[in-house]
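In order, the protein sequences belong to chains A and B.
Everything in the first sequence is counted per the working numbering, starting at 1395 for the first residue and increasing by one.
Everything in the second sequence is counted per the working numbering, starting at 4 for the first residue and increasing by one.
All C-beta atoms, glycine included, are put in the ideal place defined by N, C-alpha and C.
Remember, predicted model here, so these are calculated numbers, not experimental data.
Read through the structure below, which is laid out as structure tokens, and then see the notes.
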Amino acid sequence: MDIPYTVDTRPDTGLYNAKAGIWLFLASEVMLFGALFSAYILLRVGAPEGLWPLGWLNVPLGTINTLVLITSSITTVMAWAALKVNQFDRFKLFHGITLLCALIFVGIKSFEYYDKFTHYEVTLKDGRIADGHLKEATDTHVTISGRFVEEREELYDLHKHKAHGHETITIAREDIEKLSNYGPRHNTYMAIYFTLTGLHALHVIGGAIVIGYLWGPGSRLWRKDPERFTNRIEISGLFWHFVDLVWIFLFPILYLL
Amino acid sequence: MSLKAFHLVFIIASIVLAFGFGAWLLRQCFAFDGPVIELAGGIASIVAGIGLIVYERYFLKKTRNVSYL
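If you want it as structure tokens, here you go:
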């Protein structure tokens, strides 16, 4: 038995079934990310003045990731266009580049996460605050590479206070009141940052698995039913474009503004 | 909406981002006495935006016969 409308368009929708299905799915995704973007806006406008972090993220790495995703969108369209003109080898090349871009994106994002989880704010019992990357932690002391600040506000706007030196600071455990890394529990900014980018990264990983399957074992369908395979590539391309479009919004609001 | 139409929307969003990012970098450079790399980055971002406009025109020309649906 043949599955209907995998290639031909349905008369009522004017689309083949998979395309109608992916757009319904993407509509639900818009609602999911829309709710989280709204949460971000409400948290930001509700934050006390001067206490919303600025410049906490690595803009050069974010820029590279943006370029990687834009490149991957172009290559995924090129892969689809190659199939449209029966150039399977070109499809393999472009789809392979898309997969590589997805892996580079996840690699860079993982490095950014690692950097945040090893970055600590140490509040001392005398009121001073030390901020920097953890070098060593023992039962008796903690060593970080960073700096002391007088007021917590100095840590918030790093666009204005970007030039600061790093020194090795060793603090005895008994002098520490609070030790907090820049994970999701650090403050509302880090919480919404990890929620938004974590969910986005899961979508990138999911997309990479589908792209990898269609590039590898799934590409056997090309020999049996090339039109249906071309449609599958279009569907995966639509999802990939959505994921990339979400990043185009995430990058400026989290890294720049 | 076909992949062609969505790709056009995506590239338009990328063009806006490239110009916006360029403006942001130039502001960082001049308002906060940023390093020269921010000036170079700002100019590069604007050039990338122009490059994306050229690409979009090329893409439209190449996919003239592909449906928007």
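Backbone secondary structure at residue i - three-state DSSP
{"i": "Tyr1514 of chain A", "result": "strand"}
{"i": "Leu1596 of chain A", "result": "helix"}
{"i": "Asp1551 of chain A", "result": "strand"}
{"i": "Asp1525 of chain A", "result": "strand"}
{"i": "Thr1537 of chain A", "result": "strand"}
{"i": "Thr1532 of chain A", "result": "coil"}
{"i": "Phe1588 of chain A", "result": "helix"}
{"i": "Glu1571 of chain A", "result": "strand"}
{"i": "Ile1397 of chain A", "result": "coil"}
{"i": "Thr1470 of chain A", "result": "helix"}
{"i": "Val1543 of chain A", "result": "strand"}
{"i": "Thr1564 of chain A", "result": "strand"}
{"i": "Leu1448 of chain A", "result": "strand"}
{"i": "Arg1404 of chain A", "result": "coil"}
{"i": "Pro1611 of chain A", "result": "helix"}
{"i": "Ile24 of chain B", "result": "The sequence shown places Phe at residue 24 of chain B, not Ile. Three-state DSSP puts Phe24 of chain B in a helix."}
{"i": "Glu1443 of chain A", "result": "coil"}
{"i": "Met1425 of chain A", "result": "helix"}
{"i": "Val1479 of chain A", "result": "coil"}
Proximal residues of chain B, C-beta to C-beta of residue i below 7 Å
{"i": "Ile1642 of chain A", "result": "Ala16, Ser17 and Leu20"}
{"i": "Ile1464 of chain A", "result": "Ser17"}
{"i": "Leu1632 of chain A", "result": "Leu6 and Phe9"}
{"i": "Leu1436 of chain A", "result": "Result: empty, since nearest Cβ-Cβ is about 23 Å, beyond 7 Å."}
{"i": "Asp1638 of chain A", "result": "Phe13"}
Proximity to residue i [Cα-Cα], best of the options
{"i": "Ile1468 of chain A", "options": "A:Ile1629, A:Ile1435, A:Thr1492 and A:Pro1405", "result": "A:Thr1492"}
{"i": "Ser1422 of chain A", "options": "A:Pro1646, A:Ile1498 and A:Phe1636", "result": "A:Phe1636"}
{"i": "Leu1463 of chain A", "options": "B:Lys7, B:Ser17, B:Val69 and B:Ala43", "result": "B:Ser17"}
{"i": "Ser1549 of chain A", "options": "A:Phe1419, A:Phe1431, A:Leu1451 and A:Thr1403", "result": "Rather than Ser, the amino acid found at residue 1549 of chain A in this sequence is Leu. The option with the nearest alpha carbon to Leu1549 of chain A is A:Leu1451."}
{"i": "Thr1564 of chain A", "options": "A:Asn1411, A:Tyr1508, A:His1527 and A:Gly1440", "result": "A:His1527"}
{"i": "Ile46 of chain B", "options": "B:Asp36, B:Arg60, B:Leu28 and B:Phe33", "result": "B:Leu28"}
{"i": "Leu1461 of chain A", "options": "B:Gly52, B:Thr66, B:Ser70 and B:Phe62", "result": "B:Gly52"}
{"i": "Leu1437 of chain A", "options": "A:Ile1627, A:Arg1626, A:Thr1591 and A:Thr1582", "result": "A:Thr1582"}
{"i": "Phe9 of chain B", "options": "A:Tyr1649, A:Tyr1607 and A:Leu1632", "result": "A:Leu1632"}
{"i": "Trp1609 of chain A", "options": "A:Gly1592, A:Ala1595 and A:Ile1627", "result": "A:Ile1627"}
{"i": "Phe35 of chain B", "options": "A:Asp1551, A:Gly1606 and A:Pro1620", "result": "A:Asp1551"}
Partners in chain B for residue i, counting only beta-carbon separations shorter than 9 Å
{"i": "His1635 of chain A", "result": "Leu6, Phe9, His10, Val12 and Phe13"}
{"i": "Val1598 of chain A", "result": "Going along chain B, no residue has its Cβ under 9 Å from Val1598 of chain A, so there is no contact; the nearest lies around 15 Å."}
Per-residue contacts from residue i into chain A (C-beta, under 7 Å)
{"i": "Gly54 of chain B", "result": "Correct list: empty, because the minimum Cβ distance to chain A is about 11 Å."}
Interface residues of chain A facing residue i [CB-CB closer than 9 Å]
{"i": "Ile23 of chain B", "result": "Per the sequence shown, the amino acid found at residue 23 of chain B is Gly instead of Ile. Within 9 Å Cβ-Cβ: Pro1646 and Leu1650."}
{"i": "Phe33 of chain B", "result": "In chain order: nothing, as chain A lies at least about 13 Å away."}
Partner residues on chain B for residue i, Cβ-Cβ distance less than 8 Å
{"i": "Gly1408 of chain A", "result": "Leu72"}
{"i": "Glu1628 of chain A", "result": "Ser5 and Leu6"}
{"i": "Val1471 of chain A", "result": "Leu6, Lys7, His10 and Phe62"}
{"i": "His1553 of chain A", "result": "Gln31 and Phe35"}
{"i": "Trp1474 of chain A", "result": "Leu6"}
Rounded distance between the beta-carbons of residue j and residue i, thought under 8 Å
{"i": "Lys1413 of chain A", "j": "Ile1586 of chain A", "result": "That belief does not hold up - the Cβ atoms of Lys1413 of chain A and Ile1586 of chain A are roughly 33 Å apart, past 8 Å."}
{"i": "Arg1622 of chain A", "j": "Thr1400 of chain A", "result": "5 Å"}
{"i": "Gly25 of chain B", "j": "Ser48 of chain B", "result": "4 Å"}
{"i": "Trp1474 of chain A", "j": "Thr1624 of chain A", "result": "7 Å"}
{"i": "Arg1541 of chain A", "j": "His1560 of chain A", "result": "6 Å"}
{"i": "Ile1647 of chain A", "j": "Tyr1508 of chain A", "result": "Rounded, the Cβ-Cβ distance is 23 Å, inconsistent with contact."}
{"i": "Leu1477 of chain A", "j": "Phe1485 of chain A", "result": "5 Å"}
{"i": "Phe1499 of chain A", "j": "Val1598 of chain A", "result": "6 Å"}
**Report entry** the stretch 1598-1612 of chain A contacting the stretch 1444-1462 of chain A, beta-carbon criterion three pairs below 8 Å
**Finding:** no
Report task. Give a yes or no on contact between the stretch 1504-1519 of chain A and the stretch 1476-1491 of chain A, applying the rule of three or more CB pairs nearer than 8 Å. Result -> no
Query raised in the report: Using 8 Å as the Cβ pair cut-off and three pairs as the minimum, do the stretch 39-58 of chain B and the stretch 1632-1647 of chain A touch?
Result: no
Query raised in the report: With contact counted as at least three CB pairs below 8 Å, one residue from each stretch, are the stretch 1570-1584 of chain A and the stretch 1500-1516 of chain A in contact?
Result: yes
Requested in this report: Pair every Cβ in the stretch 1415-1435 of chain A with every Cβ in the stretch 1452-1472 of chain A, then say whether three or more of these pairs are closer than 8 Å.
Outcome: no
Query raised in the report: Does the stretch 1610-1617 of chain A come close enough to the stretch 1518-1533 of chain A to have 3 or more Cβ pairs within less than 8 Å?
Result: no
Query raised in the report: Between the stretch 1534-1546 of chain A and the stretch 1561-1568 of chain A, are three or more C-beta pairs nearer than 8 Å?
Result: yes
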